Amino acid sequence: MINEIETSCEANMKKSIEHMRHSFKTLRTGKVMISVLDGIRVDYYGTMSALDQVGSVIATDATTIVISPWEKPLVSAIESAISKANIGVNPNSDGEKIILNFPPM
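Under our numbering, the first residue of the sequence shown carries the number 2, and numbering increases by one thereafter.
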C-alpha cells in the first residue's frame with residue numbers, strides 16, 4: 002500500500018514539475034523567446050508537426066519572431082495554428098513569412 006501511494010505521489014510530482022517547466026518557457030521577461038511556440042502544431046499534409054519542423058523560427062529582436070515556412074501553402078495553416086494557440090499575439094503575414102510582434106514588457 003505504501004508503495005502505491007509513493008508511486009502515485011511521484012507521478013503527480015513529475016506532472017507538477019513538467020507543468021512548471023512549461024510555464025517558465027512561456028513567461029515573458031522583456032525578450033521574446035521562441036520556446037513560446039513549442040506547443041503549437043501545424044497540419045502538414047495530414048500530419049500534426051511542430052513549427053520548427055515546417056520552417057525556420059527566428060527571434061529577430063526583443064519583441065519579434067519571424068517564421069519562414071519552407072513551403073508557401075503552409076503560411077495560412079501556420080497563421081491559423083498560432084491564432085488558435087492564443088499566445089497573446091496576432092500573426093501578420095506578407096504571403097511568404099509570418100511575423101509575430103509581442104508587446105514589450
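Ideal placement from N, C-alpha and C gives every residue a C-beta, glycine not left out. Predicted model, so just to flag it, every value in this text is computed and none were measured.
Can you give me the C-alpha to C-alpha distance between Met21 and Met14, rounded to a whole angstrom?
For the purposes of this step, residue 21 is taken as the residue at position 20 of the sequence shown. For the purposes of this step, residue 14 is taken as the residue at position 13 of the sequence shown. Between the alpha carbons of Met21 and Met14 lies a gap of roughly 11 Å.
Three or more C-beta pairs closer than 8 Å, one from the segment 79-90 and one from the segment 32-46: is that the case here?
Contact between the segment 79-90 and the segment 32-46 is present, because at least three Cβ pairs lie under 8 Å.
Ile35 and Val58 - do their beta-carbons sit closer together than 7 Å?
Looking up residue 58 in the sequence shown gives position 57. Looking up residue 35 in the sequence shown gives position 34. Between Val58 and Ile35, the gap from beta carbon to beta carbon is short of 7 Å.
DSSP three-state label for Thr61, please.
Against the sequence shown, residue 61 aligns to sequence position 60. Reduced to three states, the DSSP call for Thr61 is strand.
Nearest to Asn102 by CA position, among Met49, Val37, Ile18, is which residue?
Here the question's residue 102 lines up with position 101 in the sequence shown. Answer by Cα proximity: Val37.
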